Structures are given as C-alpha cells and as structure tokens.
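Data first, discussion second: the structure below is written as structure tokens.
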RNA sequence: GGCCCGUUCGUCUAUCGGUUAGGACGUCAGGUUUUCAACCUGAAAAGAGGGGUUCAACUCCCCUACGGGCUGCCA
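Numbering (the numbering used here), first residue to last: 4 to 469.
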C-alpha cells in the first residue's frame with residue numbers, strides 16, 4: 004500500500020482550463036491510471052481576488068470533457084489555510100522558520116540598493132538571527148530559515164539532477180502578515196497531507212522546487228518524486244498565450260475536435276513511445292512513463308491535431324460520434340439537431356466518419372441530409388452566375404427536392420446536366436457552389452452520391468426526412 | 001544582472017558512441033475518384049555554431065548563439 008502512486012492536478016482558477024494545464028493533467032492522469040494509482044484534483048484558490056466558483060466550474064467541465072476523471076472530492080486550497088498556518092507555526096517552533104518584521108518598503112529599498120550595486124536582489128532579512136526580546140509589536144511574516152551554504156539537488160525524473168546553490172535562494176515568506184499562507188507553503192503542505200507521491204507539473208516550477216524542498220526538510224517529510232515537464236509553446240515558439248488564439252480547452256471542444264483525439268495529440272506532444280503516433284487510451288496508460296517525456300518545449304500544430312482527430316473519428320463507434328456532435332453543437336452555441344436530422348445523420352455516419360477530421364467537417368458533409376426542404380438557391384448568387392451555370396442550376400434545383408435517388412439516378416441527373424452544356428463534373432461544382440453560397444448545399448449532393456452508392460437504405464431515410 | 005533548463009527535417013519525434021539519421025503531420029509531384037475531401041504511390045526536407053574526449057560523436061565535456069523559466073507578503 005505504501006508504494007501506491009498518488010498524483011494530482013493543481014490548477015489555479017483563472018477562468019478556463021489552459022491547454023497546457025490540460026496536458027499536465029493528462030500526464031498525471033495517465034501516470035496514475037497506468038499504475039493503478041490515484042489521481043487527485045486540487046484548486047489553488049488562495050488568491051481570493053482572482054478565484055470564482057465559475058472559474059473552478061470551467062476547469063471541472065474541461066477535465067470532464069477531456070475524459071480525465073479524478074478520485075475523491077475536489078480540494079480547495081483556500082479551505083486548508085488554517086492547516087497551512089499550523090505548519091508555519093510548527094516550523095517556527097522547530098526553529099526552521101522565523102518572524103520577519105521588515106516592511107515592504109524596507110524590502111523594496113534593499114532591492115533598489117542591491118540593484119544599484121549590481122549585487123543579488125535576494126532579500127536578506129535582518130530578523131533571521133534577531134533576539135526575540137527585540138521583536139517590536141508589529142505585523143510580521145513567517146520566513147523559512149533556508150540554508151545559506153551548500154546546494155540543493157532536485158532529482159527530477161524529466162530534467163535529471165538539477166543542482167541549485169543555496170545562496171541563490173532566499174528565505175521565502177511562508178505565512179503572510181495577514182496570517183494567510185503563500186503558494187509555496189500551501190503546495191508543500193497540501194501535497195504532503197494528500198499523500199502525493201509524484202509531483203508532475205510545468206517546468207516553470209523547477210527552480211521553486213528547491214525552495215519547497217527546504218520545507219519538506221524542515222518538517223522532516225519525505226520529498227515526493229518530481230517531474231517537471233516543458234511548457235507548450237505557440238506555433239511561433241513563444242510561450243503559449245492568448246495572442247496565439249485558442250488557449251482554453253473549451254475552445255477546442257467548440258472547434259469540434261473529439262476528446263479522444265485531443266487526448267492522443269496532447270499525450271504525444273512532448274512525450275513519445277517509439278514511433279507510435281496513433282493510440283488508444285488503454286495503450287497510452289500502458290505505455291506512459293516519465294522517462295518518455297522530452298526536455299524541450301513543443302509547439303502546437305493544428306494540422307497534426309486535425310489528422311489525429313480524423314483517425315479517432317474514423318475509429319469511433321457511431322453512437323460515440325453522435326454524442327460528440329451533440330457536445331460540439333452545444334459548445335459552439337449552435338442549435339441542436341432535430342429528431343429527423345439525428346436519425347439521418349446516424350444512418351450516414353458509417354460513411355461520413357471515414358473522411359471527416361472534426362465535427363464541423365462531419366456536419367458539412369452531411370449537409371444534404373440536414374438541410375431543410377425545399378431547397379431554394381440564393382437569388383443574388385443566381386444573378387451573378389454566367390448563363391451556362393445558371394441553366395445547369397435551374398435544371399438541378401427541382402431535382403434536389405426529391406431526396407430518394409439511387410446512385411445511378413443521381414449520376415444520370417448531374418452527369419446529363421453537365422454533359423448537356425459540355426462541362427465535366429469538375430467544372431460543374433464551382434459555379435454551383437458559388438450560386439448556393441451561404442447554404443453550401445451543392446458539394447454535398449456529390450457526397451450523397453457516394454453515400455447512396457454504398458448504403459441504399461439511406462435513400463429511404465432521406466425520403467422520410469424530405 | 002544572477003541562477004536554472006532547453007536546442008535532430010517547417011512541426012511532433014526515434015536514436016540512448018558505430019544507422020544510407022527512421023517514422024508521423026504538413027508541403028510538393030503523380031495516381032484513383034464524374035466536385036471538394038478522403039485514399040494510394042513517390043519526392044524534397046534535420047543533428048544551432050565552435051572547440052575538445054574517443055579508433056568512432058546527433059549521442060559525453062566546455063564555450064558561444066538563440067529560446068524558455070525562476071529571481072514577489074502571485075500562483
């Protein structure tokens with residue numbers, strides 16, 4: 004039991020689930036699930052100004068969509084503030100921390116002076132070794148009494164052994180003057196109390212880990228295994244931020260990427276198992292190791308994401324895809340499908356799913372089924388057509404109302420219309436597409452030819468829909 | 001400024017001292033398809049730069065360049 008793996012995901016509620024955070028959660032989830040361990044969720048909401056219930060809700064929704072289930076209740080870090088303070092007092096009692104009465108102005112002045120002299124700006128509190136009898140009656144913070152000599156070695160599963168000289172680390176504040184804990188203290192206490200054995204997080208925390216290790220040492224707690232994964236960068240190689248576009252996971256759902264594809268793509272981004280690119284959740288859980296995580300930041304590639312998603316759509320069960328479509332429409336704030344549309348789409352799914360990479364693509368290919376009858380070409384677009392295209396269109400429009408063609412009949416109808424005007428099928432599509440701009444019905448007629456050719460039962464279903 | 005981490009085709013990556021440096025996405029060229037797409041075949045495409053160590057270096061060490069991170073009573 005003692006070697007059971009416990010991981011956690013500890014996001015701060017910023018209003019949405021960051022795509023990078025989602026990948027961190029995924030890694031933690033894969034590692035725990037792959038080893039029969041536990042995956043916990045903790046919301047780091049100690050910053051009260053920025054924390055709202057809605058923000059937490061967005062994170063839970065994101066994780067749920069991605070299919071990352073967590074064990075036990077969601078822990079609120081804020082709720083545990085008394086416990087954090089208790090630990091701070093304990094460190095004080097052990098002499099591993101001290102009261103610091105320096106004001107923020109004094110600290111700022113210290114840094115200014117240090118900068119001017121080109122020295123380290125790390126604050127050195129005059130209260131570190133002060134006699135308690137000289138303590139003023141004033142607010143104070145509790146600082147960790149960190150070692151000044153020697154070095155701290157982080158044994159990181161991804162980065163290897165990282166050595167930080169202790170003179171590069173300052174006596175960080177653990178408890179603020181208002182009695183609230185800082186992040187540095189809170190993570191350590193929470194991770195320990197929650198029994199976390201493996202801390203898998205972004206490498207922006209790497210250096211801070213050395214500081215946090217001193218708290219573990221002060222409390223004589225075992226230090227968990229650390230694995231600092233590189234952050235995700237935008238296509239330009241810069242740290243992913245809002246200006247790159249989609250950073251929130253819910254935006255990816257709204258763009259119509261299936262969750263299974265997201266999991267696969269995100270897992271493969273910065274982690275590898277040989278040359279395997281496309282895999283199932285079961286394989287990912289089986290194969291996932293911390294050693295397989297790369298050390299360099301990786302960039303988001305939407306083309307590859309799309310490709311992986313396409314493979315997952317093709318491999319998915321039809322009812323799963325129907326659920327995915329429903330979720331997509333909701334996330335994209337689009338109207339839901341009617342019962343008729345649903346049954347038509349369901350029947351066409353075996354054919355549609357082989358060529359769509361995202362849900363919107365799937366829906367676009369199904370437009371012929373989903374479109375309301377009667378179909379009427381746009382008047383303005385009609386006027387802009389050349390005479391040949393216009394006459395082809397007018398010949399075809401009445402035919403579109405009847406949805407019960409066989410493939411052969413369709414071929415005859417469209418082929419004849421084209422041939423009568425000396426055009427090939429290829430020449431035909433463009434003007435028609437233009438004529439029906441805004442409805443994009445025409446391309447789907449040809450899709451329907453393919454569908455009809457492979458599934459005659461569709462003709463009957465469409466008959467009812469029409 | 002100081003400290004820490006990183007750097008293989010455009011992108012994600014394989015390689016864990018000896019390979020024609022492999023795969024995937026994308027791109028380009030053909031093919032199939034009575035549109036598009038999908039699909040099939042093929043091609044171009046990489047070890048940041050400079051020093052070492054070694055019989056041998058993409059792999060180990062050092063320097064430089066570039067990118068990122070930390071350096072808060074933010075998380």
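Virtual Cβ for every residue (Gly too), placed ideally from N, Cα, C. Just so we're clear, the structure is a prediction, and the values are computed from it rather than from any experiment.
Cβ neighbours of residue 237 in the same chain (closer than 6 Å, five flanking residues each side left out):
243, 247
Own chain, CB closer than 6 Å to residue 373, minus 5 neighbours either side, in chain order
344
Inter-residue spacing [alpha-carbon to alpha-carbon] between residue 353 and residue 287
26 Å
Residue 206 versus residue 197: straight-line alpha-carbon distance, rounded
22 Å
For residue 159, does the three-state DSSP call read helix, strand or coil?
strand
Between the alpha carbons of residue 304 and residue 362, how many angstroms are there, rounded?
18 Å
Output needed for residue 95: all residues of its chain with C-beta closer than 8 Å, excluding positions within five of it in sequence on either side, in chain order.
101, 102, 145
Output the distance between the C-alpha atoms of residue 191 and residue 367, rounded to the nearest integer angstrom.
50 Å
Who are the near neighbours of residue 6 in its chain, counting only those whose CB is closer than 6 Å to its CB and skipping five residues on each side?
none
Could you say if the segment 25-38 and the segment 254-273 meet the contact criterion of at least three C-beta pairs nearer than 8 Å?
yes
Touching by the beta-carbon criterion (3+ pairs, under 8 Å), the segment 126-135 and the segment 179-186:
no
Do you know offhand how far residue 301's Cα is from residue 173's?
32 Å
May I ask you to list the residues that DSSP assigns as paired with residue 164?
158
What is the rounded straight-line gap between the Cα of residue 448 and the Cα of residue 347?
Low per-residue confidence applies at residue 448: pLDDT is 45, beneath 50, and the placement is therefore not dependable, though the value from the model is reported in the following sentence. Their backbone Cα atoms lie some 15 Å apart in a straight line.
Under 8 Å, do residue 311 and residue 268 count as touching if we go by C-beta distance?
yes
To the nearest angstrom, how far is it from the Cα of residue 214 to the Cα of residue 233?
20 Å
Rounded C-alpha distance that separates residue 440 from residue 295
Note that residue 440 scores a pLDDT of 37, beneath 50, so its modelled location is shaky; the value from the coordinates is reported in the next line. Approximately 49 Å between the Cα atoms of the pair.
Compare the C-alpha of residue 159 against each of 325, 188, 227, 349 and name the closest.
227
Just the C-alpha distance for residue 326 and residue 281, rounded to the nearest angstrom, thanks.
22 Å
Straight-line Cα distance separating residue 320 from residue 411
The predicted model places residue 411 with a pLDDT of 49, which falls under 50 and marks its position as unreliable; any figure quoted below should be read in that light. Each residue's alpha carbon lies about 30 Å from the other.
Alpha helix (DSSP H) containing residue 316: first to last residue?
305-318
By a C-beta neighbour count over all protein chains shown, 10 Å radius and 16 as the cutoff for buried, is residue 156 buried or exposed?
exposed
According to DSSP, is residue 86 part of a helix, a strand, or is it coil?
helix
Answer yes or no: do residue 231 and residue 209 have a C-beta to C-beta separation smaller than 8 Å?
yes
Measuring alpha carbon to alpha carbon, tell me which of 322, 78, 241 ends up nearest residue 299.
241
Smallest Cα separation from residue 355: which of 87, 330, 318, 249?
318
Own chain partners of residue 365 with C-beta closer than 6 Å, once the 5 adjacent residues on each side are dropped:
355, 359
Note down the Cα distance separating residue 109 from residue 73, rounded to an integer number of angstroms.
45 Å
Comparing alpha-carbon positions, which option in 313, 338, 331, 342 lies nearest residue 357?
313
Could you check where the beta strand (DSSP E) with residue 10 kicks off and where it finishes?
9-12
Distance check for residue 119 and residue 9, CA to CA, integer angstroms please.
47 Å
Give me the residue from 30, 35, 219, 44 with the minimum Cα distance to residue 13.
44
Helix, strand or coil: how does DSSP classify residue 450 here?
At residue 450, the pLDDT of 45 sits below 50, so the modelled position is not reliable and the matter cannot be decided from this model.
Just mark residue 200 as buried or exposed, buried being the case when its beta carbon has 16 or more other beta carbons within 10 Å.
buried
Residue 127, buried or exposed, once every other Cβ within 10 Å from all chains shown has been counted against 16
exposed
Looking at residue 167 and residue 188, is the spacing between their C-beta atoms short of 8 Å?
no
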